[in-house]
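Some notes on the structure that comes next.
Protein chains: 2
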Amino acid sequence: MQTMSFEDTAAFLRTCEDAYILIHRSPDGDCIGAGYSLQAVLRVLGKRSKVLCADPIPQVYGFLLPETPEEDFPAKCVISVDVADENLFGALQETYAGRVDLCIDHHISNLHYAARTLLDPHAAAACEILYALYRHMGIPFTEQIAKCLYTGMATDTGCFRYDNTTPETHIYTAELMREFPGMRYAWINRQMFEVKSPARIRAEILMLERMEYALDGRCTFVWATRDVFETTGLDDKDTEGLTSLSLKPEGVEVGVTARERESGVYKVSLRSAGDVNVSEICRQFGGGGHIKAAGCLIRGTQDEVRERLTAAVEAAL
Amino acid sequence: MQTMSFEDTAAFLRTCEDAYILIHRSPDGDCIGAGYSLQAVLRVLGKRSKVLCADPIPQVYGFLLPETPEEDFPAKCVISVDVADENLFGALQETYAGRVDLCIDHHISNLHYAARTLLDPHAAAACEILYALYRHMGIPFTEQIAKCLYTGMATDTGCFRYDNTTPETHIYTAELMREFPGMRYAWINRQMFEVKSPARIRAEILMLERMEYALDGRCTFVWATRDVFETTGLDDKDTEGLTSLSLKPEGVEVGVTARERESGVYKVSLRSAGDVNVSEICRQFGGGGHIKAAGCLIRGTQDEVRERLTAAVEAAL
Numbered sequence: 321m322q323t324m325s326f327e328d329t330a331a332f333l334r335t336c337e338d339a340y341i342l343i344h345r346s347p348d349g350d351c352i353g354a355g356y357s358l359q360a361v362l363r364v365l366g367k368r369s370k371v372l373c374a375d376p377i378p379q380v381y382g383f384l385l386p387e388t389p390e391e392d393f394p395a396k397c398v399i400s401v402d403v404a405d406e407n408l409f410g411a412l413q414e415t416y417a418g419r420v421d422l423c424i425d426h427h428i429s430n431l432h433y434a435a436r437t438l439l440d441p442h443a444a445a446a447c448e449i450l451y452a453l454y455r456h457m458g459i460p461f462t463e464q465i466a467k468c469l470y471t472g473m474a475t476d477t478g479c480f481r482y483d484n485t486t487p488e489t490h491i492y493t494a495e496l497m498r499e500f501p502g503m504r505y506a507w508i509n510r511q512m513f514e515v516k517s518p519a520r521i522r523a524e525i526l527m528l529e530r531m532e533y534a535l536d537g538r539c540t541f542v543w544a545t546r547d548v549f550e551t552t553g554l555d556d557k558d559t560e561g562l563t564s565l566s567l568k569p570e571g572v573e574v575g576v577t578a579r580e581r582e583s584g585v586y587k588v589s590l591r592s593a594g595d596v597n598v599s600e601i602c603r604q605f606g607g608g609g610h611i612k613a614a615g616c617l618i619r620g621t622q623d624e625v626r627e628r629l630t631a632a633v634e635a636a637l
Numbered sequence: 321m322q323t324m325s326f327e328d329t330a331a332f333l334r335t336c337e338d339a340y341i342l343i344h345r346s347p348d349g350d351c352i353g354a355g356y357s358l359q360a361v362l363r364v365l366g367k368r369s370k371v372l373c374a375d376p377i378p379q380v381y382g383f384l385l386p387e388t389p390e391e392d393f394p395a396k397c398v399i400s401v402d403v404a405d406e407n408l409f410g411a412l413q414e415t416y417a418g419r420v421d422l423c424i425d426h427h428i429s430n431l432h433y434a435a436r437t438l439l440d441p442h443a444a445a446a447c448e449i450l451y452a453l454y455r456h457m458g459i460p461f462t463e464q465i466a467k468c469l470y471t472g473m474a475t476d477t478g479c480f481r482y483d484n485t486t487p488e489t490h491i492y493t494a495e496l497m498r499e500f501p502g503m504r505y506a507w508i509n510r511q512m513f514e515v516k517s518p519a520r521i522r523a524e525i526l527m528l529e530r531m532e533y534a535l536d537g538r539c540t541f542v543w544a545t546r547d548v549f550e551t552t553g554l555d556d557k558d559t560e561g562l563t564s565l566s567l568k569p570e571g572v573e574v575g576v577t578a579r580e581r582e583s584g585v586y587k588v589s590l591r592s593a594g595d596v597n598v599s600e601i602c603r604q605f606g607g608g609g610h611i612k613a614a615g616c617l618i619r620g621t622q623d624e625v626r627e628r629l630t631a632a633v634e635a636a637l
């Protein structure tokens with residue numbers, strides 16, 4: 321349970337061999353960028369590594385995958401990036417729980433499950449920590465490293481919008497833009513934040529039409545029920561960033577997005593636009609996350625879920 | 321028609337007295353931030369100034385207005401910021417055309433209508449130029465200056481998303497965040513990019529439902545017709561950023577947003593997600609703007625407007 325400095329982590333990475341890099345299930349831009357940037361850095365150091373994820377990498381992140389995938393080899397070392405809790409390994413948990421040699425993360429909720437942990441809860445993204453680490457190590461950046469790190473920092477901050485954004489997020493981004501002026505930053509941002517599939521557009525229309533307002537409009541409910549998926553053809557994997565719909569209305573402080581996993585089971589995402597700590601609300605339901613964005617699983621009918629969450633949000637307001 | 325350096329401009333601002341600061345009609349975050357930051361800087365220099373705009377400042381920018389407005393006084397000097405063309409003064413054109421002593425702008429299409437022009441077409445925003453100018457002058461920043469400049473840079477880049485974003489946009493933002501760590505950047509971004517009025521949400525649903533696809537989906541049309549305003553209660557002033565709807569669909573390269581000014585008159589905004597220079601398309605219709613975002617006025621029926629624009633976009637693709 322060693323707390324690692326940059327020096328420690330650099331020494332570890334320079335001596336490790338044949339690493340498996342684990343990222344969390346339902347992978348997002350930050351863990352994918354972190355994982356594949358680390359693979360590229362280990363390649364620069366002459367080492368083999370593989371990125372492992374319980375779920376497939378969504379197609380929209382395909383541009384971050386290396387052109388030549390690594391061949392197969394057994395792990396001599398296991399590193400996790402952007403994973404606060406071994407639960408988040410998903411189907412890989414059984415194999416790798418208790419076996420992680422190094423964890424690099426930015427979640428304040430990190431459970432220190434790894435033998436060694438490099439944690440910076442003030443960093444906007446795992447990729448922000450990795451940027452500073454690679455610079456500290458004097459790694460020569462490649463375009464692959466740069467685009468992975470940019471994507472991770474941009475996605476975890478909602479393109480520099482959310483209040484987890486730090487001055488370093490901007491400084492590192494500026495340095496990447498100066499070193500790689502030809503990289504298609506705006507194209508990346510468009511893929512991440514703007515482009516929607518026809519089914520996703522249909523689904524957003526439907527969910528906006530049905531959006532519910534509670535507590536005098538200070539709380540909203542967006543329901544991604546099974547019939548939304550069926551009516552619009554929305555793919556289960558095509559839901560990243562869906563939670564932002566709930567915070568569109570003027571005056572809303574807590575936005576609830578409830579996604580029906582199976583009948584009577586809702587995956588609930590809370591976002592806060594004000595002072596409410598939604599991580600604490602989600603903890604009451606066995607979940608967790610960040611102060612302004614957190615999640616939990618609730619069993620019950622739509623009415624029960626609405627009622628329980630409204631009461632919890634009302635108490636927090 | 322003097323081209324001004326930072327030194328020239330600094331000398332001008334240090335000697336000018338009783339300035340009227342003109343911004344463009346339909347004011348946006350950049351011209352409002354530029355105008356009110358300059359007023360705050362002139363105040364630091366012990367000078368009186370007033371910001372003038374042909375249209376009212378939209379309520380969402382109210383937090384940029386100074387707490388104590390300037391008293392009335394006649395202009396001894398006229399400065400324009402973020403105004404490429406005297407036409408854009410709107411109702412103020414008649415009074416001030418030919419009378420501008422200094423223009424500070426970032427539009428490559430600037431017509432050099434002022435006696436002196438400080439122009440940097442590579443800057444993402446007028447506020448980016450002003451940031452560097454104020455630093456060059458050694459102005460001590462106040463929170464009012466900082467929030468004006470941040471808002472201008474953030475809004476003109478779509479929160480650092482578009483490809484006009486420069487390394488300097490990020491560096492200056494990081495410097496503002498370090499000097500004013502308590503400023504509510506995320507709150508500003510939420511007001512600028514996320515919060516929507518109920519009428520605006522209704523209008524977006526309606527326009528998305530009616531969105532048209534042309535040229536195999538490479539071109540979209542979003543129609544903000546009079547009936548959209550009437551049906552949804554959308555206010556004429558509540559339309560900033562509406563053009564981004566047109567670029568949501570996968571595969572679209574040119575997004576057209578046509579807003580019905582009066583019967584048979586459409587204010588058309590074009591946005592490019594690919595290589596098409598929409599400024600050139602708009603120039604064919606007597607308009608102009610940036611490579612990726614431009615506008616023009618077209619007279620005709622909805623069918624005629626669609627037909628003429630589709631032909632122009634097809635030729636450009």
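Chains as they are written, first to last, in my numbering: chain A, 321 to 637; chain B, 321 to 637.
All C-beta atoms, glycine included, are put in the ideal place defined by N, C-alpha and C.
For clarity, every value in this text was computed on a predicted model and none was experimentally measured.
(1) For B/A523, which residues from the same chain have a beta carbon less than 7 Å from its beta carbon, with the 5 sequence-adjacent residues on both sides left out?
(2) If the cut is a Cβ gap below 9 Å, which residues of chain B does A/H442 touch?
(3) Would you identify the three-state DSSP class for B/A374, choosing helix, strand or coil?
(4) Can you give the Cα-Cα distance for B/L629 and A/T471, rounded to whole angstroms?
(5) Kindly give me the distance between the Cβ atoms of A/V403 and A/D425, rounded to whole angstroms, as I take these residues to be in contact under 8 Å.
(6) Using CA coordinates, which residue listed in B/R419, B/T323 and B/D558 is at the minimum distance from B/A339?
(7) Name the one or two DSSP bridge partners that B/T577 has.
(8) Does the region 456–472 of chain A touch the region 341–360 of chain A, meaning 3 or more C-beta pairs lie closer than 8 Å?
(9) Contact criterion: CB-CB distance below 9 Å. Does A/E495 meet it with respect to chain B?
(10) If you reduce the DSSP assignment to three classes, tell me which class A/E406 lands in.
(11) Taking only runs that begin and end inside the region 324–401 of chain B, name each unbroken alpha helix (DSSP H) of 4 or more residues, in chain order.
(12) Taking Cβ positions only, does A/S599 come closer than 9 Å to chain B?
(13) CB B/G410 to CB B/C373, shorter than 9 Å?
(14) Closer than 9 Å by beta-carbon distance: list the chain A residues that pair up with B/S566, in chain order.
(15) Indicate whether at least one CB of chain B lies closer than 9 Å to the CB of A/T475.
(16) Once the 5 residues before and after A/R520 are set aside, which same chain residues still bring their CB inside 7 Å of it?
(17) Hey, how far is the Cα of B/V572 from the Cα of B/A632?
(18) Could you list which residues in chain A have their beta carbon closer than 7 Å to that of B/Y482, in chain order?
(19) Counting pairs of Cβ atoms below 8 Å between the region 361–379 of chain A and the region 477–489 of chain A, do you hit three or more?
(20) B/K469: buried (16+ other C-beta within 10 angstroms of its C-beta) or exposed?
(21) Reducing DSSP to helix, strand and coil, say where B/K557 ends up.
(22) Buried or exposed: where does A/T493 fall if 16 or more other Cβ atoms within 10 Å of its Cβ makes it buried?
(23) Residues of chain B with CB under 7 Å from A/L528, in chain order?
(24) List the residues of chain A that B/F500 touches, going by C-beta distances under 7 Å, in chain order.
(25) Does chain A have any CB closer than 9 Å to the CB of B/T489?
(26) Going by CA-CA distance only, name the one from B/R603, B/W507 and B/V625 that's closest to B/S583.
(27) Please check if any C-beta of chain A sits within less than 9 Å of the C-beta of B/F409.
In terms of the structure at hand:
(1) V548, T552 and L554
(2) Per Cβ cutoff of 9 Å: no residues; A/H442 is ~12 Å from chain B at best.
(3) coil
(4) 35 Å
(5) 6 Å
(6) B/R419
(7) B/V542 and B/S589
(8) yes
(9) yes
(10) helix
(11) 326–335 and 349–364
(12) no
(13) yes
(14) In chain order: nothing, as chain A lies at least about 10 Å away.
(15) no
(16) L554 and D558
(17) 15 Å
(18) A506
(19) no
(20) Reading the sequence as shown, one finds Leu at residue 469 of chain B and not Lys. Flag for B/L469 reads buried.
(21) coil
(22) buried
(23) I521 and I525
(24) In chain order: nothing, as chain A lies at least about 11 Å away.
(25) yes
(26) B/V625
(27) no
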